[in-house]
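Enquirer: Under numbering that gives the first Met the number 0, the first residue of the sequence shown carries the number 0, and numbering increases by one thereafter.
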Amino acid sequence: MAWGLDTTRRRHGRPPLLHLPLPMPLLPLWRLWDRLPSPLRPLTSSKVLEVTNSFPSPPSSERKKGADEYQLDMMKSLREVGMDNNKVGWYQSVAMGTFCTASFIEHQFQYQKSLGPNAICLIYDSAETSKGSLSLRAVRLTKAFIDTYKTNSFTKEIFAKADIRSATVVEEIPIEIRNSDIITCWLQQTAHANDSAPASSFERLDLATNAYLESSLKNMTLWADELAQEHYKFQGYERALSKQRAAYQQWQNRQREENKVRRENGEELVPEEDPTFFKSVNQPSRLESLLITKQMSTYCEHINRYAGKSFQKLFLAAKIHQNE
């Protein structure tokens, strides 16, 4: 599969296309146990970012060294055997498309902060892949979101000013999988070797869609509950702010009445404005609700895509039964 180049990203010198050699997409399949950040090894140009290799990061309970020291040792070992040893990102195995969390944002932010805007995260979805289509996504944080994240202030006003929405948190980089000549020969040989053995394709006729859709809807419900909790926090903030505004209005009225008396008596007036009055009420962070909205949007995309294919099968089966 291939995509055209984005002239805007090219103008800013940011690779709009990610090249993967064939073994790279298979690495997450072999390492589904690995839920920890695992670095990617690249080759870069002004237009294309080519990921050539990767290695897993074992759990902290199984390694004797820290994560940074472990990665440095691995990169030294790769350099000694003549392999690419420039780090450009990490890969993560997820289930049901669940990736847009606070820990993911922090980890990706640190990568882009230290390695530059070309650092990416390669996400492999095991659940969607099991349904017949390889699910690989290359994502990175947008420049607008990174600039806002650096301020560590996630209020409604700041998000509105920077035009930060759930759709502008991360940007997806198109992926192109390329095979080397030797792997192409091996694939051709394997395909011809299997011609003699008839392959069973009855799985394509499976009309059962309940399990996957139920899991997706269940996840959607759980995240909707989380979003409701975040809205309750903001509603509590609005109520507290409303009470404070009423108290401030009463205080201003008292100050104005007192100034009338002082003005008649020729006394010095008291201030009628207090800019520090509202500082006691802190606005809750909107980052979590933003990420939840982004994750729910991802679930909706998966449901729409999978349900569309499932309905095609059901309509086809119904038409066949009618003809019978």
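By construction, the Cβ of each residue, glycine as well, lies at the ideal position given by its N, Cα and C atoms.
List the endpoints of the continuous beta strand (DSSP E) containing aspartate 124.
Expert: In the sequence shown, residue 124 corresponds to position 125, counting from 1. Here the beta strand (DSSP E) through aspartate 124 covers 119-124.
Enquirer: Can you check DSSP and say which residues form a bridge with glutamine 243?
Expert: For this step, residue 243 is matched to residue 244 along the sequence shown. Paired residue(s): none; glutamine 243 is not in a bridge.
Enquirer: Go ahead and pull the three-state DSSP assignment for serine 296.
Expert: The residue labelled residue 296 in the question sits at position 297 within the sequence shown. Three-state DSSP puts serine 296 in a helix.
Enquirer: Around the C-beta of histidine 191, are 16 or more other C-beta atoms found within 10 angstroms, so that it is buried, or is it exposed?
Expert: Looking up residue 191 in the sequence shown gives position 192. Exposed is the call here.
Enquirer: Note down the Cα distance separating serine 134 from valine 47, rounded to an integer number of angstroms.
Expert: Against the sequence shown, residue 134 aligns to sequence position 135. Against the sequence shown, residue 47 aligns to sequence position 48. Straight-line Cα distance between these residues: approximately 21 Å.
Enquirer: For arginine 136 and leucine 121, I'd like the C-alpha separation in whole angstroms.
Expert: Along the sequence shown, read from residue 1 onward, the residue named residue 136 stands at position 137. Along the sequence shown, read from residue 1 onward, the residue named residue 121 stands at position 122. Cα-Cα distance, rounded: 6 Å.
Enquirer: By a C-beta neighbour count over all protein chains shown, 10 Å radius and 16 as the cutoff for buried, is aspartate 146 buried or exposed?
Expert: If you number the sequence shown from 1, residue 146 lands on position 147. Per the 10 Å Cβ criterion, exposed.
Enquirer: Following the continuous alpha helix (DSSP H) through arginine 78, name the residue where it begins and the one where it ends.
Expert: As a working mapping, residue 78 is identified with position 79 in the sequence shown. Its alpha helix (DSSP H) spans residues 66-79.
Enquirer: With a 10 Å radius around its C-beta and 16 neighbouring C-beta atoms as the bar for buried, classify valine 169 as buried or exposed.
Expert: By one-based count along the sequence shown, residue 169 stands at place 170. With 16 or more Cβ atoms within 10 Å of its Cβ, valine 169 is classed as buried.
Enquirer: With distances taken Cα to Cα, identify the nearest neighbour of glutamate 272 among Arg253, Leu216, Thr189 and Ser284.
Expert: Residue mapping note: residue 272 aligns to position 273 of the sequence shown, counting from 1. Among Arg253, Leu216, Thr189 and Ser284, the Cα nearest to that of glutamate 272 is on Arg253.
Enquirer: Could you name the residues that DSSP lists as bridge partners for arginine 238?
Expert: By one-based count along the sequence shown, residue 238 stands at place 239. None; arginine 238 has no bridge partner.
Enquirer: Could you tell me which residues DSSP pairs with arginine 139 in its beta bridges?
Expert: Locating residue 139 in the sequence shown gives position 140, where the first residue counts as 1. Bridge partners of arginine 139: Glu170.
Enquirer: Could you check the C-alpha separation between leucine 31 and arginine 238 for me, to the nearest Å?
Expert: Within the sequence shown, numbered from 1, the residue matching residue 31 stands at position 32. Within the sequence shown, numbered from 1, the residue matching residue 238 stands at position 239. For leucine 31, the predicted structure reports a pLDDT of 41, less than 50, and the residue's modelled location is therefore unreliable. The matter cannot be settled from this model.
Enquirer: Do you know whose CA, among Asn52, Trp89, Pro270 and Tyr69, lies nearest glycine 342's CA?
Expert: It is not possible to answer for residue 342, since the shown part of the chain is limited to 0 through 323.
Enquirer: Suppose contacts are defined by Cβ-Cβ distances below 8 Å. Is lysine 232 in contact with proline 283 by that definition?
Expert: Locating residue 232 in the sequence shown gives position 233, counting from the first residue. Locating residue 283 in the sequence shown gives position 284, counting from the first residue. Yes, the pair counts as a contact, with Cβ atoms nearer than the cut-off.
Enquirer: Return the CA-CA distance between serine 56 and asparagine 151, expressed in angstroms with no decimal places.
Expert: Counting from 1 along the sequence shown, the entry for residue 56 is found at position 57. Counting from 1 along the sequence shown, the entry for residue 151 is found at position 152. Approximately 28 Å between the Cα atoms of the pair.
Enquirer: For alanine 101 versus glutamate 287, is the C-beta spacing smaller than 8 Å?
Expert: Numbered from 1 along the sequence shown, position 102 holds the residue referred to as residue 101. Numbered from 1 along the sequence shown, position 288 holds the residue referred to as residue 287. It is a contact, given that the beta carbons lie within the stated cut-off.
Enquirer: Please tell me whether glutamate 175 and valine 138 are closer than 8 Å, where the distance is taken between their beta carbons.
Expert: Within the sequence shown, numbered from 1, the residue matching residue 175 stands at position 176. Within the sequence shown, numbered from 1, the residue matching residue 138 stands at position 139. Their beta carbons are not under 8 Å apart, which means glutamate 175 does not touch valine 138 by this criterion.
Enquirer: Around the Cβ of threonine 292, are there at least 16 other Cβ atoms within 10 angstroms (buried) or fewer (exposed)?
Expert: The residue you call residue 292 lines up with position 293 of the sequence shown. Counting Cβ neighbours within 10 Å, threonine 292 comes out buried, since at least 16 surround it.
Enquirer: Going by C-alpha to C-alpha distance, which of Phe158, Lys86, Leu216 and Met73 sits closest to tyrosine 305?
Expert: Taking the sequence shown and counting its residues from 1, the one referred to as residue 305 is at position 306. If we check each option's Cα against that of tyrosine 305, Leu216 comes out closest.
Enquirer: Take phenylalanine 276 and list the residues in its own chain whose beta-carbon comes closer than 6 Å to its own, dropping the five residues that flank it on each side.
Expert: Taking the sequence shown and counting its residues from 1, one reaches residue 276 at position 277. Once the five neighbours on either side are set aside, the close Cβ partners of phenylalanine 276 are Tyr247.
Enquirer: Skipping 5 residues on each side, what residues in its chain have a beta carbon closer than 7 Å to that of glutamine 294?
Expert: Residue mapping note: residue 294 aligns to position 295 of the sequence shown, counting from 1. Hits under 7 Å: Thr97, Cys99 and Trp222.
Enquirer: List the whole-angstrom C-beta distance separating methionine 219 from tyrosine 298, where the pair is believed to meet the contact cut-off of C-beta under 8 Å.
Expert: Counting from 1 along the sequence shown, the entry for residue 219 is found at position 220. Counting from 1 along the sequence shown, the entry for residue 298 is found at position 299. Confirmed, Cβ separation roughly 5 Å.
Enquirer: Tell me which residues share the same chain as alanine 143 and place their Cβ nearer than 7 Å to its Cβ, disregarding the 5 neighbours each side in the sequence.
Expert: By 1-based counting over the sequence shown, the position of residue 143 is 144. Only Ala161, Asp162, Ile163 and Thr167 meet the Cβ criterion.
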